[in-house]
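For reference, the structure is listed below as structure tokens.
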Amino acid sequence: MDNEFGKHYLVEFINCNAEKLKYVKDVKKVFISAAKKSNATILKYYFNQFKPTGVSGIMLIAESHFSIHTWPDHDYAAFDMFSCGHIESDIAISILRTGFEAEKAEVKIISRGRLLK
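Residue numbering for the sequence shown is -7 to 109, as defined by our numbering.
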């Protein structure tokens, strides 16, 4: 990250197990595990339960943020991670993919705040 503020990861989890995406208790468990095991420093988090199912969650970390949005009726989850520190992003993505039983994870990485010399 020499000439940038950080990296922004946009991840789409496709063909997930819908049961894993429905409720805060299940999504929160996987989400917190992904943050801890990727060496993120958790500051605060909040999750919202949609009716009848679906979850949105945001986590403030010392290195920036994680967010998650689930659509169980489409077997889909969207994960966002911005890091200006040394988070092991591959570990976070792998834990989420396994936890949601996603067949596929599409990852886009954006360099943020390119610094001009």
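Every residue, glycine too, gets a C-beta built ideally from N, C-alpha and C.
Beta carbon of I60, beta carbon of A27: below 8 Å? The count along the sequence shown starts at 1 and reaches residue 60 at position 68. The count along the sequence shown starts at 1 and reaches residue 27 at position 35. Not in contact: I60 and A27 (Cβ atoms no closer than 8 Å).
Exposed unless 16 or more other CB atoms sit within 10 angstroms - verdict on Y38: Working through the sequence shown from its first residue, we reach residue 38 at position 46. It is exposed - the Cβ of Y38 has fewer than 16 other Cβ atoms within 10 Å.
Report yes or no: do three or more beta-carbon pairs, one from the stretch 36 to 51 and one from the stretch 76 to 84, lie closer than 8 Å? no
Taking 8 Å as the cut-off, decide whether the C-beta atoms of I112 and K14 are in contact. Coverage of the chain is limited to positions -7 through 109, which leaves residue 112 absent and any answer about it impossible.
Closer than 6 Å by C-beta to H0: which residues in its own chain qualify, once you throw out the five before and the five after it? Chain order, please. Along the sequence shown, read from residue 1 onward, the residue named residue 0 stands at position 8. The answer, listed in chain order, is F74, I102 and R104.
Simplified DSSP assignment, three categories, for G46: Here residue 46 refers to the residue found at position 54 when the sequence shown is read from its first residue. G46 falls in the coil class under three-state DSSP.
Would you say C8 and A69 are within 8 Å of each other, going by their C-beta atoms? Indexing the sequence shown from 1 puts residue 8 at position 16. Indexing the sequence shown from 1 puts residue 69 at position 77. In this structure, A69 lies closer than 8 Å to C8 by Cβ.
My assumption, with CB atoms under 8 Å, is that C76 sits in contact with E55. Please give the rounded CB distance. Locating residue 76 in the sequence shown gives position 84, where the first residue counts as 1. Locating residue 55 in the sequence shown gives position 63, where the first residue counts as 1. Sure, about 6 Å apart at Cβ, within 8 Å.
Classify M(-7) as helix, strand or coil using the three-state DSSP reduction. The residue given as residue -7 occupies position 1 in the sequence shown. Unreliable positioning characterises M(-7) in this predicted model, as indicated by a pLDDT of 47, which lies under 50. The coordinate reading is nonetheless provided below. Coil, per DSSP.
For R106, count neighbouring C-beta atoms within 10 Å of its own C-beta (all shown protein chains included) and say buried if the count is 16 or more, exposed if not. By one-based count along the sequence shown, residue 106 stands at place 114. Per the 10 Å Cβ criterion, exposed.
Buried or exposed: K12, going by 16 or more other Cβ atoms within 10 Å of its Cβ? If you number the sequence shown from 1, residue 12 lands on position 20. Looking at its Cβ environment, which holds 16 or more other Cβ atoms inside 10 Å, K12 is buried.
Compute the minimum distance between the beta carbon of V19 and the heavy atoms of the ligand FAD, and state whether it is under 7 Å. No copy of the ligand FAD occurs in the structure displayed, which carries no ligand at all.
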